[in-house]
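Here's the structure we're looking at; comments come further down.
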Amino acid sequence: MSILINILAFLIAIFVLVLVHEFGHFWVARKLGTKVERFSIGFGKPLLRWQGKSNIEYVIAPILLGGYVKLNEESYQQKSVWRRMAIMLAGVTANILLAILLFWLVFTIGMKVPKPIIGKVIPESIAYQAGLKTGDVIKNVDGRDVFDWQGVTIAIISHMGDRNKLLINGHYLNLNNWVINELNPDPIMSLGIEPYYPSIPAVINKVMSDSPAKQIGLLPQDRILHINGQKIVDWYDFIKYIHNHPDQKVKLTIERSGEPVILTGIIGSKLGFGLKKIGYLGVASLPVSWSKDMFNEQHYSPLQAFYPALQRTWLLLNFNFVVLTKIITGKMSLHVLGGPITIFSAAEVAFKQGIIIYTEFLALLSVMLAFINILPIPALDGGNFVFLLLEAIIRRPIPIKIQTFALRLGMTILAILIFIAIGNDLLRIFTN
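6 is the number of the first residue of the sequence shown in the numbering used here; add one for each residue after it.
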């Protein structure tokens, strides 16, 4: 049942974003008097098709990697170059507007996010040498205010590949010896900073039926003392060990009713983030206790929420631009690219955290889709817009032969990038 919910979360995200993008093209084309022949969500053999008004065919196809609006060629070419530009940019504009709307909803409804409190600074790390201390609340990075770990992460990732200094709370972090795994980047930990989480005792609160924990013999209120001879300090220590040892034999030393008890069995397994195999027992912890002063609340009136929504959308667009620039200049490798498996895993995590987090995830994905589509690569909206811009400058259409060659080149580039992204996804599954 869980995997079906995860697939549903992924499909909803892709369907909504593609629908909005293609509807942008569709709506502007119709408003500008261009005849539309087909509106398709997805590629491949149609699953559903029906005829609508104005003899427009509507299609839903199985390969949800995108969609298309088929325009009548004669009707489209009769329009001025400026109107064709408007049609071409409409999809990207629709995705940006959707992102602003979704962020506006999130900020209007309100959400509480944990403050970026440093739980631990690793000795001799970059953060340690800069003077950051356990308990510090990160309030700004390079002069930009941050309110949660997401903001901190975005600001730090923007410095990947740099060899200068990073300013956090007035402390300069020297990045000359900064080493980060670009395939599985954890920019915060790579600087020697561990985020704060309330301590949770390694006590079982609930045991799922038909779970590995049930077969091992664990019961509610059992306290985990040791796993295979390794001392367990808290719940995070316990879960970390379980996740890292799927399908392995385990010897547990527990405390039950004040007496030590030894249990043995096999750790189960399941697919975790990035579809990577992780250990699984099927137990729940005691409730996490967060004090109110550990949260920042982001809540605005409907009118006030527009500014932070615009600000967040612009921040993410700029972030994507910075990452792309670093890839082009060689400061970042192509390993940072993620494909459908990464999106699937992120959709799963967001969906499980509730409708507000999932809505924020949709907004983030919508910004990413807009950014990708505006890139000046033939076969994307941005590439087609460049052709129209050149046509406006030289006052005649670009020759068909050149357009065809550029289209094939663009398709090749996209195929290579998709191949790399999927390859990175697979590497993330098979590497730790």
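All C-beta atoms in this analysis are idealised placements derived from N, C-alpha and C, irrespective of residue type, glycine included.
Here the structure is a predicted model, which is why all the values come from computation and not from measurement.
Taking the alpha-carbon positions, what's the residue i to residue j distance?
i: Asn437; j: Ile232; result: Its pLDDT being 45, under 50, Asn437 is placed unreliably in this model, and the value from its coordinates should be taken loosely. Asn437 and Ile232: Cα-Cα distance of roughly 21 Å.
i: Phe20; j: Tyr177; result: 44 Å
i: Asn181; j: Gly234; result: 39 Å
i: Ile143; j: Gly428; result: 35 Å
i: Ile360; j: Ile114; result: 11 Å
i: Gly148; j: Val372; result: 24 Å
i: Asn389; j: Met93; result: 7 Å
i: Ala426; j: Asp227; result: 43 Å
i: Pro225; j: Leu9; result: 29 Å
i: Arg168; j: Lys125; result: 24 Å
i: Ile68; j: Gly49; result: 6 Å
i: Ser80; j: Ser274; result: 57 Å
i: Thr98; j: His304; result: 26 Å
i: Lys245; j: Arg317; result: 33 Å
i: Gln155; j: Val212; result: 32 Å
i: Ala160; j: Met90; result: 34 Å
i: Ser290; j: Gly175; result: 37 Å
i: Phe311; j: Gly96; result: 21 Å
i: Ala218; j: Lys357; result: 22 Å
i: Asn72; j: Val64; result: Rather than Asn, the amino acid found at residue 72 in this sequence is Gly. Straight-line Cα distance between these residues: approximately 9 Å.
i: Leu395; j: Leu70; result: 29 Å
i: Val74; j: Ile399; result: 27 Å
i: Ile272; j: Pro203; result: 26 Å
i: Lys256; j: Ala207; result: 16 Å
i: Arg413; j: Leu367; result: 31 Å
i: Leu230; j: Lys138; result: 29 Å
Measure how close the beta-carbons of residue i and residue j come, nearest whole angstrom, since I'm counting them as under 8 Å.
i: Val327; j: Ser163; result: 5 Å
i: Tyr363; j: Ala351; result: Contact doesn't hold; Cβ gap of about 10 Å is too wide.
i: Ser216; j: Gly270; result: About 11 Å; that fails the 8 Å criterion.
i: Phe152; j: Asn301; result: 5 Å
i: Gly415; j: Ala384; result: 4 Å
i: Asn179; j: Ile131; result: 6 Å
i: Ile46; j: Ala66; result: 7 Å
i: Thr158; j: Ile193; result: 6 Å
i: Met299; j: Pro51; result: Contact flag wrong, Cβ pair sits at about 51 Å.
i: Leu268; j: Ile237; result: So it is not a contact: roughly 13 Å between Cβ atoms.
Taking the alpha carbon of residue i as the point to measure from, which residue in the options has its own alpha carbon closest?
i: Gly140; options: Asn323, Ile122, Gly343; result: Ile122
i: Trp87; options: Met116, Val391, Gly148; result: Val391
i: Lys297; options: Gly72, Ser85, Met116; result: Met116
i: Ala314; options: Gln82, Leu110, Ala351; result: Leu110
i: Arg401; options: Gln82, Met213, Leu268, Phe243; result: Gln82
i: Lys282; options: Ile247, Ile377, Phe108, Leu69; result: Ile247
i: Leu76; options: Phe112, Ile68, Ile17, Phe44; result: Phe44
i: Pro381; options: Trp183, Phe311, Glu365, Leu419; result: Leu419
i: Ala397; options: Ser85, Ala289, Ser306, Leu422; result: Ser85
i: Ser214; options: Leu223, Val208, Gln134, Tyr63; result: Leu223
i: Asn60; options: Val41, Gly72, Ala95, Ile159; result: Val41
i: Leu369; options: Asp150, Gln358, Ile348; result: Ile348
i: Gly284; options: Glu365, Leu268, Phe243, Pro307; result: Phe243
i: Ser338; options: Pro404, Gly387, Gly166; result: Gly166
i: Leu329; options: Trp183, Leu422, Asp150; result: Leu422
From which residue to which residue does the alpha helix (DSSP H) around residue i run?
i: Thr269; result: Note, Thr269: premise wrong, no alpha helix (DSSP H); beta strand (DSSP E) at 264 to 271.
i: Gln56; result: Premise fails: Gln56 lies in the beta strand (DSSP E), 53 to 56, not in any alpha helix (DSSP H).
i: Ser80; result: 78 to 82
i: Lys245; result: 240 to 248
i: Lys331; result: 311 to 333
i: Thr158; result: 154 to 162
i: Lys219; result: 217 to 221
i: Leu395; result: 386 to 399
i: Gly96; result: 86 to 114
i: Ile193; result: 192 to 195
i: Ala132; result: 131 to 135
Terminal residues of the continuous beta strand (DSSP E) containing residue i?
i: Asn301; result: 300 to 303
i: Asn179; result: 176 to 179
i: Arg168; result: Careful: Arg168 lies outside any beta strand (DSSP E) and carries neither H nor E.
i: Tyr363; result: No beta strand (DSSP E) contains Tyr363, which is instead part of the alpha helix (DSSP H) from 360 to 379.
i: Glu199; result: 198 to 200
i: Ser45; result: 41 to 48
i: Ile65; result: 62 to 65
i: Ile232; result: 228 to 232
i: Ile259; result: 254 to 261
i: Ile283; result: 282 to 285
i: Ile123; result: 123 to 126
Within 8 Å, do at least three Cβ pairs link the region 198 to 205 to the region 249 to 256?
no
Exercise for review: Evaluate contact between the region 7 to 27 and the region 86 to 106, counting only Cβ atoms and requiring at least three cross-stretch pairs below 8 Å.
Suggested key: yes
Q. Does the region 87 to 102 touch the region 41 to 59, meaning 3 or more C-beta pairs lie closer than 8 Å?
A. no
- Query: Should the region 292 to 309 be called in touch with the region 259 to 278, which here means at least 3 C-beta pairs below 8 Å?
  - Reply: no
contact_flag[the region 29 to 39, the region 11 to 18] where n(CB pairs < 8 Å) is 3 or more
no
Does the region 394 to 410 touch the region 318 to 336, meaning 3 or more C-beta pairs lie closer than 8 Å?
-> no
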